[in-house]
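Participant: Please find one structure pasted underneath; my questions will follow.
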Amino acid sequence: MVNKAGGRRARTLTGCSLTVLLLAGCGGQAERGSDGPGTSASPSVSAGSAQGRARPVDVLETRHILEALPDARALPGWKVVGPPTDDGAQWCTAVIGAEACARVAAQGSATYVEAKTASLMLAVFSSRTAEEAETVFAALRVTGPRSQALGPLGDQRTYARTAKGDEVSAQTVVRVGTSVLWTGVMGRSDAVDDTLVRQVTRLLVDRTRQVREGRSPTARLDREASPAPR
Numbered sequence: 231m232v233n234k235a236g237g238r239r240a241r242t243l244t245g246c247s248l249t250v251l252l253l254a255g256c257g258g259q260a261e262r263g264s265d266g267p268g269t270s271a272s273p274s275v276s277a278g279s280a281q282g283r284a285r286p287v288d289v290l291e292t293r294h295i296l297e298a299l300p301d302a303r304a305l306p307g308w309k310v311v312g313p314p315t316d317d318g319a320q321w322c323t324a325v326i327g328a329e330a331c332a333r334v335a336a337q338g339s340a341t342y343v344e345a346k347t348a349s350l351m352l353a354v355f356s357s358r359t360a361e362e363a364e365t366v367f368a369a370l371r372v373t374g375p376r377s378q379a380l381g382p383l384g385d386q387r388t389y390a391r392t393a394k395g396d397e398v399s400a401q402t403v404v405r406v407g408t409s410v411l412w413t414g415v416m417g418r419s420d421a422v423d424d425t426l427v428r429q430v431t432r433l434l435v436d437r438t439r440q441v442r443e444g445r446s447p448t449a450r451l452d453r454e455a456s457p458a459p460r
């Protein structure tokens, strides 16, 4: 079931493991806030600048999502092992169910690894309305103890972190308007902390916001602020 749901992600161990994490959600409370699309980048994420006239996008299409998902230049020190791609309706249904998937207009995901110490998966789901996005947000359930360390980000957010020995898995789900963003990080406990999770989540939020504003995404992870593996 997982291999089928993982689609292209299943071609690597990293993709399989993170897809299992995404599929293993068991629900929980979510936070609401007012840090929406107009929020500026955090100190750990460089928003950069864009050229040309901005043409706002009401509903993200697949091409917008694939552009928002970061490349290696936006994630210094990370290697892209599963390039941004549309995983298809079967993957969407396996992850959030047919009812919520019917409210998804476009989707995309990508996977990354960092120096054999951590792996990362990012996914974006776009809906036509904020109400539909709320349904998708509720369906993207995370597993593990809840944490408040993500801070006020997006219109809704939830963060769960689980530690087992020297291994840590963390998931965040953030809704920004009609877009729902999922972040999954797995790795050594000395490489995956709240700061890293917050930074990569903010990175995806900022790049999605830039695309929604009609700009080319330029936000990138500030390598200096990231925790260094010991």
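The sequence shown runs contiguously to residue 460 in my numbering. Positions of the beta carbon are idealized from the N, C-alpha and C atoms, including for glycine.
On the three-state DSSP scale, how would you describe A202?
Facilitator: The displayed coordinates of the chain run from 231 to 460. Any statement about residue 202 would go beyond what the structure contains.
Participant: On a CA-only basis, which of A304, R285, A345, G417 is nearest T448? Give me that one, please.
Facilitator: Locating residue 448 in the sequence shown gives position 218, where the first residue counts as 1. Out of A304, R285, A345, G417, A304 has the C-alpha closest to the C-alpha of T448.
Participant: Quick check on this structure: which residue in T402, T373, G444, D396 has the alpha carbon closest to the alpha carbon of P382?
Facilitator: For the purposes of this step, residue 382 is taken as residue 152 along the sequence shown, with counting starting at 1. For the residues T402, T373, G444, D396, the minimum Cα distance to P382 belongs to T402.
Participant: Could you spell out where the alpha helix (DSSP H) holding W321 opens and where it closes?
Facilitator: Translated into the one-based positions of the sequence shown, residue 321 becomes position 91. Residues 319-326.
Participant: How about the segment 333-343 and the segment 351-361: do they share at least three Cβ pairs that are nearer than 8 Å?
Facilitator: Segments in contact, yes.
Participant: Indicate the three-state DSSP secondary structure (helix, strand or coil) for V427 in the structure shown.
Facilitator: For the purposes of this step, residue 427 is identified with residue 197 of the sequence shown, where counting begins at 1. Correct three-state label for V427: helix.
Participant: For L350 versus V410, is the C-beta distance shorter than 8 Å?
Facilitator: For the purposes of this step, residue 350 is identified with residue 120 of the sequence shown, where counting begins at 1. For the purposes of this step, residue 410 is identified with residue 180 of the sequence shown, where counting begins at 1. No, they are not a contact pair.
Participant: Around the Cβ of E364, are there at least 16 other Cβ atoms within 10 angstroms (buried) or fewer (exposed)?
Facilitator: Your numbering for residue 364 matches position 134 in the sequence shown. Classification for E364: buried.
Participant: Check each candidate in T392, Q440, D452, R418 and name the one with the smallest Cα separation from R285.
Facilitator: For this step, residue 285 is matched to residue 55 along the sequence shown. For R285, the nearest C-alpha among the options comes from Q440.
Participant: Reducing DSSP to helix, strand and coil, say where D385 ends up.
Facilitator: Counting from 1 along the sequence shown, the entry for residue 385 is found at position 155. Three-state result, D385: strand.
Participant: For V430, count neighbouring Cβ atoms within 10 angstroms of its own Cβ and tell me buried if that reaches 16, exposed if not.
Facilitator: For the purposes of this step, residue 430 is identified with residue 200 of the sequence shown, where counting begins at 1. Looking at its Cβ environment, which holds 16 or more other Cβ atoms inside 10 Å, V430 is buried.
Participant: Tell me the DSSP bridge mates of G312?
Facilitator: For the purposes of this step, residue 312 is identified with residue 82 of the sequence shown, where counting begins at 1. G312 is bridged to T341.
Participant: Would you check if the distance between the CB atom of V398 and the CB atom of G417 is smaller than 8 Å?
Facilitator: Start at 1 with the first residue of the sequence shown, and residue 398 comes out as number 168. Start at 1 with the first residue of the sequence shown, and residue 417 comes out as number 187. It is a contact, given that the beta carbons lie within the stated cut-off.
Participant: For D317, is the classification buried or exposed, using 16 other Cβ atoms within 10 angstroms of its Cβ as the cut-off for buried?
Facilitator: Residue mapping note: residue 317 aligns to position 87 of the sequence shown, counting from 1. Buried.
Participant: Output the distance between the C-alpha atoms of V310 and W321, rounded to the nearest integer angstrom.
Facilitator: The sequence position of residue 310 within the sequence shown is 80, counting from 1. The sequence position of residue 321 within the sequence shown is 91, counting from 1. C-alpha separation (whole angstroms): 20 Å.
Participant: Measuring CA to CA, which of W412, D452, A421 is closest to T341?
Facilitator: Against the sequence shown, residue 341 aligns to sequence position 111. Answer by Cα proximity: W412.
Participant: For A379 versus R432, is the C-beta spacing smaller than 8 Å?
Facilitator: Mapped onto the sequence shown, residue 379 falls at position 149. Mapped onto the sequence shown, residue 432 falls at position 202. Contact flag unset, no.
Participant: What's the gap between the Cα of T425 and the Cα of A330?
Facilitator: Looking up residue 425 in the sequence shown gives position 195. Looking up residue 330 in the sequence shown gives position 100. Distance between the alpha carbons of T425 and A330 is about 31 Å.
Participant: What separation, rounded to the nearest whole angstrom, lies between the Cα atoms of A368 and A332?
Facilitator: By 1-based counting over the sequence shown, the position of residue 368 is 138. By 1-based counting over the sequence shown, the position of residue 332 is 102. Cα to Cα, the separation comes out at about 14 Å.
Participant: Please state whether the Cβ-Cβ distance between L434 and P306 is less than 8 Å.
Facilitator: As a working note, residue 434 is residue 204 in the sequence shown. As a working note, residue 306 is residue 76 in the sequence shown. Cβ atoms of L434 and P306: not closer than 8 Å.
Participant: By how many angstroms is the C-alpha of R391 removed from the C-alpha of D420?
Facilitator: Within the sequence shown, residue 420 is the residue found at index 190, counting from 1. Within the sequence shown, residue 391 is the residue found at index 161, counting from 1. Near 14 Å, if we compare the C-alpha coordinates of R391 and D420.
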